[in-house]
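Engineer:
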Amino acid sequence: MDAVDHINVDVDSLEPCYEFYRETLELDLVRPPADFEGDHAMFRAGETVVTLAETGRAENWDERGLDHPLDKAHLAFETDRQTYDSLIDALEGQFPNQGPYDWGEFEGFYVLDPDGNLLEIVTYEAPEGDRTRSLLAHDVVEEADSSGVDDPDRANAAGER
Numbered sequence: 116m117d118a119v120d121h122i123n124v125d126v127d128s129l130e131p132c133y134e135f136y137r138e139t140l141e142l143d144l145v146r147p148p149a150d151f152e153g154d155h156a157m158f159r160a161g162e163t164v165v166t167l168a169e170t171g172r173a174e175n176w177d178e179r180g181l182d183h184p185l186d187k188a189h190l191a192f193e194t195d196r197q198t199y200d201s202l203i204d205a206l207e208g209q210f211p212n213q214g215p216y217d218w219g220e221f222e223g224f225y226v227l228d229p230d231g232n233l234l235e236i237v238t239y240e241a242p243e244g245d246r247t248r249s250l251l252a253h254d255v256v257e258e259a260d261s262s263g264v265d266d267p268d269r270a271n272a273a274g275e276r
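Heads up: the sequence shown runs through residues 116 to 276, numbered per the working numbering.
1) What are the start and end residues of the beta strand (DSSP E) that includes D143?
2) Let me confirm a value: I122 is counted as buried when at least 16 other C-beta atoms fall within 10 Å, else exposed. Which label applies?
3) Does the separation of the CB atoms of E235 and H183 fall below 8 Å?
4) Going by DSSP in three states, Y225 sits in which element: helix, strand or coil?
5) For L166, name the three-state secondary structure that DSSP assigns.
6) Have a look at A252, T170, D117 and flag the residue whose alpha-carbon is nearest the alpha-carbon of L185.
7) When you compare only the Cα positions, how much space is there between L167 and R146?
8) What do you reckon, are the CB atoms on N163 and D120 nearer than 8 Å?
9) Can you tell me which of the three DSSP states G219 falls into?
10) Under the rule that 16 or more other beta-carbon atoms within 10 Å means buried, what is P242, buried or exposed?
11) Excluding the five sequence neighbours on either side, which residues of its own chain have a C-beta within less than 7 Å of the C-beta of G263, listed in chain order?
12) Output the boundary residues of the beta strand (DSSP E) element that contains E134.
13) Does the Cβ-Cβ distance between E141 and R196 come in under 8 Å?
14) Return yes when the Cβ of F221 is within less than 8 Å of the Cβ of T194, no when it is not.
15) For the 8 Å Cβ check, are there 3 or more pairs between the segment 126-143 and the segment 215-229?
In structure tokens, the structure reads:
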């Protein structure tokens, strides 16, 4: 395989998801809903097409099911540092252990789209100057989950880099 050509994302309600992927994530619009028979929209992220399909089968995650988002199926979008920082400012606080995470070569945080589909936003660019947020590490989240600690501030302090 050479690449991922396209991904279909199940949504329950196309309109709020269409706005989120277009306005918040700023994905390039390929085909708007008016181009389709049925409720679909196509976007491009790099070379990959992301199609939203109103099927009524969205993941519908919420904070109760996402104590540990790392082991859930999700889509990860790569972006530059400026966009990453802007998105994390706008979307943080959706659920415990949302991130950001230190993945070694890159940094990432998790978000939910309007229908509860789990997404990750990643950047390979280091921050300019001092880091303003501490980074979680996978092992720290694992320890917090197994010890019954669900306080993200304790996990953040333990995983600070």
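The C-beta atom is built at its ideal place from N, Cα and C for all residues, glycine as well.
Structural biologist: Taking the coordinates as given:
1) Residue numbering aside, residue 143 sits at position 28 when the sequence shown is read from its first letter. Start and end: 143-146.
2) Working through the sequence shown from its first residue, we reach residue 122 at position 7. I122 should be labelled exposed.
3) Position 120 of the sequence shown, counting from 1, holds the residue named residue 235. Position 68 of the sequence shown, counting from 1, holds the residue named residue 183. Not closer than 8 Å, so no.
4) Walking along the sequence shown from the start, residue 225 turns up at place 110. Correct three-state label for Y225: strand.
5) Start at 1 with the first residue of the sequence shown, and residue 166 comes out as number 51. Correcting the residue identity first, residue 166 is Thr in this sequence and not Leu. T166: strand per DSSP, three-state reduction.
6) The residue you call residue 185 lines up with position 70 of the sequence shown. Answer by Cα proximity: A252.
7) Along the sequence shown, read from residue 1 onward, the residue named residue 167 stands at position 52. Along the sequence shown, read from residue 1 onward, the residue named residue 146 stands at position 31. Going from the Cα of L167 to the Cα of R146 covers about 11 Å.
8) Looking up residue 163 in the sequence shown gives position 48. Looking up residue 120 in the sequence shown gives position 5. Note on residue identity: the sequence assigns Thr, not Asn, to residue 163. Yes, the pair counts as a contact, with Cβ atoms nearer than the cut-off.
9) Counting from one through the sequence shown, the residue named residue 219 turns up at place 104. G219: coil per DSSP, three-state reduction.
10) As a first step, residue 242 is located in the sequence shown; it is residue number 127 there, counting from the start. It is exposed - the Cβ of P242 has fewer than 16 other Cβ atoms within 10 Å.
11) Taking the sequence shown and counting its residues from 1, one reaches residue 263 at position 148. Because the pLDDT of G263 is 44, which lies under 50, any placement of that residue in the model is unreliable, and the number read from its coordinates should be weighed accordingly. Contacts found: none.
12) Residue numbering aside, residue 134 sits at position 19 when the sequence shown is read from its first letter. Per DSSP, E134 belongs to no beta strand (DSSP E); it is in the alpha helix (DSSP H), 129-134.
13) Stepping through the sequence shown from its first residue, residue 141 is reached at position 26. Stepping through the sequence shown from its first residue, residue 196 is reached at position 81. Not in contact: E141 and R196 (Cβ atoms no closer than 8 Å).
14) As a first step, residue 194 must be located in the sequence shown, where it is residue number 79. As a first step, residue 221 must be located in the sequence shown, where it is residue number 106. Not a contact, by the Cβ cut-off of 8 Å.
15) yes
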